[in-house]
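Engineer: Got a structure for you, written out below as structure tokens; questions coming shortly.
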Amino acid sequence: MGLWTIFIKIPENELGFSRTIKASDLTEAKQICFNEIKRILKGKKHNLYLESRGGGKYLVVSDMDEIGEVEIQQIKKTNARYINEKTLCQSNDYRESRLLSAIPSDSD
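Here you go:
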């Protein structure tokens, strides 16, 4: 299960917002996004679908008319872990570099 950010912009309703969702893959993220669009429009538009524009961007189409746009991005996964309540190591590379710097070199 990964985190995804969806950006929805529908100019006709003067609507634009983003939301973070949990989804196992892009297909599930698109379905959640599509359901959100249907909830926003509440039956005002019919025959809705998303048309791919590449790079995670989609047009929102209703009855062959472009009514908005959507962008879906997966949030980069990190192996984050809390050292204490205030310090956060954000990647394994950071932890490895700290461990390596603590090992004395042969030249010492």
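With this note's numbering applied, the sequence shown corresponds to residues 140 to 247, in that order.
Heads up, the beta-carbon is just placed ideally off N, CA and C, and yes, glycines get one too.
Please say whether C172 and I211 have beta carbons closer to each other than 8 Å?
Structural biologist: One-based indexing of the sequence shown puts residue 211 at position 72. One-based indexing of the sequence shown puts residue 172 at position 33. Yes, the pair counts as a contact, with Cβ atoms nearer than the cut-off.
Engineer: If we count the other Cβ atoms within 10 Å of its Cβ and call it buried at 16 or more, is K169 buried or exposed?
Structural biologist: As a working note, residue 169 is residue 30 in the sequence shown. Buried, since its Cβ has 16 or more Cβ neighbours within 10 Å.
Engineer: Comparing C-alpha positions only, which one of L154, D164, D202 and E208 sits nearest to G193?
Structural biologist: The sequence position of residue 193 within the sequence shown is 54, counting from 1. Nearest option by C-alpha distance: E208.
Engineer: Alpha carbon to alpha carbon, what distance is there between L165 and I149?
Structural biologist: Position 10 of the sequence shown holds residue 149. Position 26 of the sequence shown holds residue 165. Looking at the two C-alpha atoms, the distance is approximately 21 Å.
Engineer: How long is the line joining the alpha carbons of S201 and I147, rounded to whole angstroms?
Structural biologist: In the sequence shown, the residue the question calls residue 201 occupies position 62. In the sequence shown, the residue the question calls residue 147 occupies position 8. Approximately 15 Å between the Cα atoms of the pair.
Engineer: Tell me the DSSP bridge mates of S157?
Structural biologist: Numbered from its first residue, the sequence shown carries residue 157 at position 18. DSSP lists F146 as partners of S157.
Engineer: So for K177, helix, strand or coil by DSSP?
Structural biologist: Counted from its first residue, the sequence shown places residue 177 at position 38. Helix.
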